[in-house]
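Notes follow the structure.
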Amino acid sequence: MLDLSDSVHIEKKTLFAEVVLPLPIAKNYTYRVPFDRAADVNVGKRVVVQFGKSKLYTGVIISLGEKAPEKYEAKYLMDILDDEPLITPQQLAFWDWISGYYLCNPGEVMNAALPAALKLASETRISLNTEYNFDKSELNDKEFLIIDALEIQAELTVSEVSKLLGQKTVMPVLKMLFNKNIIHIAEEVNERYKPRKRSFYGLNPVYRNQEQLKELFEILEKRAPKQLDAVLALLQLSKQKQQVTKAELEEAAQVSTAVLKALVEKEIFLVEERIVSRFSNSEEDAESTFELNEYQEKAFKQINQQFEQKDVVLLHGITSSGKTQIYVRLIEAVIESGKQVLFLLPEIALTIHIIERLRQYFGNKIGVYHSRFNDNERVEVWNKVLSGEYKVVLGARSSVFLPFNNLGLIVVDEEHENSYKQFDPAPRYHARDAAIYLSTLYKAKVLLGSATPSLESYYNAQQHKYGLVELNFRFGEAVLPEIQVISIPEETKNKTMQSHFSTVLMQDIESALEKKEQAILFQNRRGYVPLLICKTCGFTPKCINCDVSLTLHKSTGKLHCHYCGYKEDVYAVCPACGSVHLEQKGYGTEKIEDELSLLLPSARIVRMDLDTTRTKMAFQNILSDLEDKKTDILVGTQMVAKGLDFSDVTVIGIVNADSLLKFPDFRANERSFQMLAQVSGRAGRRGKKGKVVIQTYDPHHRVISQVIRNDYAEMYQMEMAERLQFKYPPFYRIIQLDVKHKNAEALFHQAEYLGNALKKQFGDRVLGPEFPLINRIRNYYIKTIILKIEKEGTSMVRVKNILKETIVQFQTEKISKGNLIRIDVDPY
DNA sequence: AGCACGCCGACT
DNA sequence: GTCGGCGTGCTC
């Protein structure tokens, strides 16, 4: 039978599809669309293509055309995987922007953007989903063959499957199996986020029966009076609250762990493990309503007003001023208008409480996206965002890549956090900046929220590029701890200092320990001694790369450079003059830990700084030991102030505040003070008295007096004013400079970008989008840039030339593997 | 990314 | 004389 449409079809020209491949290659490639599939291809659909000799990849169509490539014969698309485009036009535009702005290949963006399961390639490994029982009779022959093989061999690559079936196009079959949840896409072994679990105690429900309970009482009274105490205490406690923890129970009943253990063994007590927020107590949060107070109401109105003129608004709200409630109201309004919301968080792991609160409010309209989710979960979220089922997505930086269809608002919470910046694999994007670009694609609004805004956002707000809303009212009269400032010179004069600790601090620690409470000591210096000086000739050991003094580390017995990691052996005599009098100036966390253990030999002291937390687990272990009361005193740097909730930490000692007062990153020390005060303040709320002891050589320093008044907002603003207007030169755009590429080409690109960026910056002195990326820049403008060479190669010559041409002053002698190239930049 | 090709040192 | 390391270029 002759069909007219057939002849129309033949008239049609061959289509050619431009395809992005998930590979670090500079170009996109053109493929020929098979004649009979011409109606099925669309921009944004995934396709299977052959690339290179025999490899298959999943690519994405980014454009279609009718013109055949001139210089080569295009290969055919092997398959089209999607019935509807999986990547929206906005996403493609976004990918394009990312690759241009952050100087990486389109394929690298695709790699970051798509969950692994959506980009099967011939080397992708698949495995059986062991948690899922399916009916084998429902499988077709091919599927059956694959499953059969997977039962013998746990993992198969896609090309092995292809051999098995004796056919090349296996992706659709695998896609079906994946959709049916029968197979998994094997993932690289990356540690998954472990939620914090707590055991809660409850009485076995059989004892709800009064008879049974009475019987229990009688038995226990005779044989185990302590256990009876525990049961009575539990009954008492569960009247007051829903969840009873081990510590609370022990406290109330005055019994030991052994007693509780016996009761659990007898199944009189039931233990339930529940996931709890790593932050504050969820009971407190649950009580707070979403009603806005008058200040929040005002801020809310201001934000909406600002949105009428500005696309980006910065909400500068001090801690516990209730920013979350404002977010909720905004999100609510946007959802009502039928649009989607992206809520970005710096570190999902530390902010479950926000998720809990928003979940409780928005229910199943809310999705959570996160690079540590497994692939099935990620694909699920992807699809639900694409279909519009999820109205709100809460996520870490990678959620900017989700397929929103009508985004109305992006909230960037804790906008100053530098975990929004992706460092290691390209694309090295900053999620906050990328989100702002993303918003322009959807004509959406962006709300940046922070108690301590980043310098660049604050600057943009001051320049009226962004709107600015301030929220200075502290919500709900947060209980603040007593703050006592100790003048070190005075104490020294009165001979009341024991080593580095004032009598007041020691007494506070001791009495806390007596009450089985805990203390945190804060010293913002790693190592043992930060500075060595020869008493005879004044020589100081310095880093050969960085020109900073080396810190003595007792744990390694070496001198360390804290900037670049350079190490050298410690010397017994001065290398300059041979004198044996090397004076040790200052003290770091190692020394504090050492001396404190001499003064309090029975206390269990743990140190937490970069050196003791090299692995992520170590960090977790230290914190959980503190929480489980296996530690009495924690000594550490900034990181002890990471804002975690320890109910029994009642004493915070700042051993020497002076390094904080001078610290170049104002935000860090402000946060440290604030966090530390909060930790002990929280303890105060539970009927215990919180105390912060600040030891300083300069008790009248402006920052100290503001800390006492709890006036962080003022403190921040003054610092900002100085930064922005008087003290420091204009800002330059800084790019990712700690180059770790093994690939010379990438280093070349990086160098090129660096050159252009610097030229441009010195020309118009614009404040950069992501700032500051290397923390070795004093006073926030570039003086020195360090490039790390990880691999040496012949192409290094090219890089060398580029650097020579583009950098003002450049020392070329050290270009070899493992070395750091230091570039001094003179902006004037 | 993977793979082929080509160039120089160290080996049966 | 060849084996194999590594650097470079190419893949529609």
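In terms of my numbering, the first sequence opens at residue -8 and continues consecutively.
For glycine and all other residues, C-beta sits at the position ideal for the given N, C-alpha and C.
What you are looking at is a predicted structure, and each value in this text was computed from that prediction instead of being measured.
Three-state class that DSSP yields for residue i in the structure shown
i, result
"residue 767", "In this predicted model, residue 767 has a pLDDT of only 28, less than 50, meaning its place in the structure is not dependable enough to derive any value."
"residue 571", "coil"
"residue 191", "strand"
"residue 72", "coil"
"residue 334", "strand"
"residue 31", "coil"
"residue 481", "helix"
"residue 490", "coil"
"residue 473", "strand"
"residue 620", "coil"
"residue 760", "The pLDDT assigned to residue 760 is 30, lower than 50, so where the model puts this residue is not dependable; a value taken from the coordinates is nonetheless given after this. Looking at residue 760 - three-state DSSP - the assignment turns out to be coil, as it is neither helix nor strand."
"residue 360", "strand"
"residue 413", "coil"
"residue 354", "helix"
"residue 530", "coil"
"residue 5", "coil"
"residue 603", "coil"
"residue 613", "helix"
"residue 24", "coil"
"residue 274", "The predicted position of residue 274 is uncertain, since its pLDDT is 37 and thus under 50; a value taken from the coordinates is nonetheless stated next. Helix at residue 274."
"residue 11", "strand"
"residue 297", "helix"
"residue 259", "coil"
Cross-strand partners of residue i (DSSP beta bridge)
i, result
"residue 522", "576"
"residue 542", "551"
"residue 560", "549"
"residue 687", "478"
"residue 371", "DSSP output for residue 371 lists no bridge partner at all."
"residue 509", "640"
"residue 646", "None; residue 646 has no bridge partner."
"residue 302", "Looking at the DSSP assignment, residue 302 forms no beta bridge with any residue, so it has no partner."
Where residue i falls, given that 16 or more other Cβ within 10 Å makes a residue buried
i, result
"residue 572", "exposed"
"residue 250", "buried"
"residue 579", "buried"
"residue 566", "exposed"
"residue 562", "exposed"
"residue 529", "exposed"
"residue 305", "buried"
"residue 776", "Confidence at residue 776 is low in this model, with a pLDDT of 47, below 50, so the placement of that residue is unreliable and no value is reported for it."
"residue 82", "buried"
"residue 419", "buried"
"residue 790", "Only weak support exists for where residue 790 lies, its pLDDT of 49 falling under 50; the value from the coordinates is given anyway. Its Cβ being crowded by 16 or more others within 10 Å, residue 790 is buried."
"residue 78", "buried"
"residue 600", "buried"
"residue 568", "exposed"
"residue 328", "exposed"
"residue 231", "exposed"
"residue 433", "buried"
"residue 63", "exposed"
"residue 67", "exposed"
"residue 134", "buried"
"residue 548", "exposed"
Beta-carbon proximity check, residue i vs residue j, cutoff 7 Å
i, j, result
"residue 646", "residue 583", "yes"
"residue 386", "residue 411", "no"
"residue 212", "residue 219", "yes"
"residue 519", "residue 543", "yes"
"residue 398", "residue 296", "no"
"residue 65", "residue 21", "yes"
"residue 682", "residue 408", "no"
"residue 75", "residue 116", "no"
"residue 556", "residue 522", "no"
"residue 307", "residue 461", "yes"
"residue 640", "residue 511", "yes"
"residue 642", "residue 479", "no"
"residue 336", "residue 391", "no"
Integer Cβ distance of residue i from residue j, believed to fall under 8 Å
i, j, result
"residue 163", "residue 70", "6 Å"
"residue 489", "residue 617", "Contact doesn't hold; Cβ gap of about 24 Å is too wide."
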